[in-house]
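For reference, the structure discussed in these notes is given below.
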């Protein structure tokens, strides 16, 4: 998620401002290949739910193709890069690998596929945020074997139980005061909502018990993308009470589980390289010694992801609509280092 965050911010910004020249409630959609075994996991699903729960996205979706292979050309590109690295006679550290990749991507043959004006960035990622231990499990079972294409769900829609008009009064909406589908005395699901009114009473709560909140996050599931019907009843994924208790972003690094045996082998290899190749290979020796001491991990600084940062105080229910627009405006502020905001054709 870390390397893609900047790209996601740029895409969201361009789509939201290009037509109306003002922030709109953004929607986040992911299309994944190779179906369930690679893309459909608990961490991605809960991350998408958290984006909705924290008012960063109005709607999020994960769509898995059942039988397809849509990235053949990308595989071919990686094959060219792999052969280029294999043919390099001298690579002393990861920085040399990055330099080789960048030079290869600047060739005319590569530019013909990437685009002549596409900005290319090759970056070495020393550490990542500890998503695995930060995001709790969803806690709601999904029907169908997740590892079988024939029986699993392939499309997930995350949205709020109620929309941004959850605080509108009955008098404002001009609906009957004795409406039987009211959630509270001053709220009515006959108003415009995220979750369709016909599904409002069929939400499966699973292990989450307690009062229903209009800002709970629910998920709609379809077995296949082309199916006209849902595969099961909507599921409560993230209650409002839990969403208010934690942040989207992890604040700690993922620990490198290098064994003592590996560290010893790296130190021994550094000594052998120095004794056989002497000073011309000093950079390789320094890299192996720092790797054995885990120095790169200790010195690394986590990437700043300002688009995900949550304001100091969570919004009250009556301010949900205004808060979402403010969050989008903060994300699209010119102070952020985004380069493609005003690119128009």
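In my numbering, the protein residues as written are 229 to 573.
Note that the Cβ used here is the ideal one computed from N, Cα and C, for glycine as well.
Quantities reported herein were computed from a predicted structural model and do not represent experimental measurements.
Who does residue 289 pair with in a DSSP beta bridge?
Translated into the one-based positions of the chain shown, residue 289 becomes position 61. Bridge partners of residue 289: 257, 385.
Contact check, residue 458 vs residue 445, beta carbons under 8 angstroms
Taking the first residue of the chain shown as 1, we reach residue 458 at position 230. Taking the first residue of the chain shown as 1, we reach residue 445 at position 217. Taking 8 angstroms as the Cβ cut-off, residue 458 and residue 445 do not qualify as a contacting pair.
Note down the Cα distance separating residue 482 from residue 506, rounded to an integer number of angstroms.
As a working mapping, residue 482 is identified with position 254 in the chain shown. As a working mapping, residue 506 is identified with position 278 in the chain shown. The C-alpha of residue 482 lies about 35 angstroms from the C-alpha of residue 506.
Have a look at residue 425 and residue 351 and give me their C-alpha separation to the nearest angstrom.
To locate residue 425, count along the chain shown from 1; it is residue 197. To locate residue 351, count along the chain shown from 1; it is residue 123. Going by the C-alpha atoms only, they are around 47 angstroms apart.
Residues in its own chain within less than 6 angstroms of residue 318 by CB, not counting five upstream and five downstream?
Numbered from its first residue, the chain shown carries residue 318 at position 90. Answer for residue 318: no residue qualifies.
Measuring CB to CB, does residue 387 end up less than 8 angstroms from residue 287?
In the chain shown, counting from the first residue as 1, residue 387 sits at position 159. In the chain shown, counting from the first residue as 1, residue 287 sits at position 59. Yes, the Cβ-Cβ distance between residue 387 and residue 287 is below 8 angstroms.
Buried or exposed: which applies to residue 254, given that a residue is buried once 16 or more other Cβ atoms fall within 10 Å of its Cβ?
Mapped onto the chain shown, residue 254 falls at position 26. Burial call: buried.
Residue from 518, 478, 485 whose Cα sits closest to the Cα of residue 532
By one-based count along the chain shown, residue 532 stands at place 304. The candidate whose alpha carbon is nearest that of residue 532 is 478.
Starting from residue 463, trace the beta strand (DSSP E) both ways and give me its first and last residue.
Working through the chain shown from its first residue, we reach residue 463 at position 235. 463-466 is the extent of the beta strand (DSSP E) around residue 463.
Roughly how many angstroms lie between the CA atoms of residue 301 and residue 332, to the nearest whole one?
Position 73 of the chain shown, counted from the first residue, corresponds to residue 301. Position 104 of the chain shown, counted from the first residue, corresponds to residue 332. Near 16 angstroms, if we compare the C-alpha coordinates of residue 332 and residue 301.
Assuming residue 329 and residue 309 are in contact, meaning their beta carbons sit under 8 angstroms apart, how far apart are those beta carbons, in whole angstroms?
Along the chain shown, one-based indexing puts residue 329 at 101. Along the chain shown, one-based indexing puts residue 309 at 81. Here residue 329 really is in contact with residue 309; their C-beta atoms are around 6 angstroms apart, less than 8 angstroms.
Just to confirm my understanding: we take residue 486, look at its own chain, exclude 5 residues before and 5 after, and list those with CB closer than 7 angstroms. What are they?
Indexing the chain shown from 1 puts residue 486 at position 258. For residue 486, where only same-chain residues beyond five positions count, the Cβ hits under 7 angstroms are 522.
Does the beta carbon of residue 285 sit closer than 8 angstroms to a beta carbon anywhere in chain B?
Annotation note: the requested chain B is absent from the structure, which comprises a single protein chain.
Using the Cβ count rule (16 or more neighbours within 10 Å means buried), how would you classify residue 496?
Position 268 of the chain shown, counted from the start, is the residue given in the question as residue 496. Exposed is the call here.
Is residue 447 near residue 524, with beta carbons less than 8 angstroms apart?
Numbered from its first residue, the chain shown carries residue 447 at position 219. Numbered from its first residue, the chain shown carries residue 524 at position 296. No, they are not a contact pair.
Output the distance between the C-alpha atoms of residue 355 and residue 270, rounded to the nearest integer angstrom.
In the chain shown, residue 355 corresponds to position 127, counting from 1. In the chain shown, residue 270 corresponds to position 42, counting from 1. Answer to the nearest angstrom: the Cα atoms are 21 angstroms apart.
Local conformation of residue 519 per DSSP, three classes
On the chain shown, position 291 is the one that residue 519 refers to. Correct three-state label for residue 519: helix.
With DSSP collapsed to three states, give me the class of residue 443.
The count along the chain shown starts at 1 and reaches residue 443 at position 215. Note: residue 443 maps to coil in three-state DSSP.
Please report the residue range of the alpha helix (DSSP H) in which residue 302 lies.
Start at 1 with the first residue of the chain shown, and residue 302 comes out as number 74. Residue 302 -> alpha helix (DSSP H) spans 300-314.
Residue of 338, 327, 324 minimising C-alpha distance to residue 307:
Position 79 of the chain shown, counted from the first residue, corresponds to residue 307. It is 338.
On the DSSP bridge list, what partners appear for residue 449?
Position 221 of the chain shown, counted from the start, is the residue given in the question as residue 449. 384, per the DSSP bridge assignment.
Please confirm whether residue 449 and residue 381 have their CB atoms less than 8 angstroms apart.
Taking the first residue of the chain shown as 1, we reach residue 449 at position 221. Taking the first residue of the chain shown as 1, we reach residue 381 at position 153. Yes. Within cutoff.
Alpha carbon of residue 437 to alpha carbon of residue 258, nearest angstrom:
Residue 437 sits at position 209 when you count from the first residue of the chain shown. Residue 258 sits at position 30 when you count from the first residue of the chain shown. In a straight line, the C-alpha of residue 437 is about 30 angstroms away from that of residue 258.
Since residue 480 sits in a beta bridge, which residues does DSSP pair it with?
Here the question's residue 480 lines up with position 252 in the chain shown. DSSP output for residue 480 lists no bridge partner at all.
Buried or exposed, going by whether 16 or more other CB atoms sit within 10 Å of the CB of residue 489?
Position 261 of the chain shown, counted from the first residue, corresponds to residue 489. Only exposed fits residue 489, as fewer than 16 other CB atoms lie within 10 angstroms of its CB.
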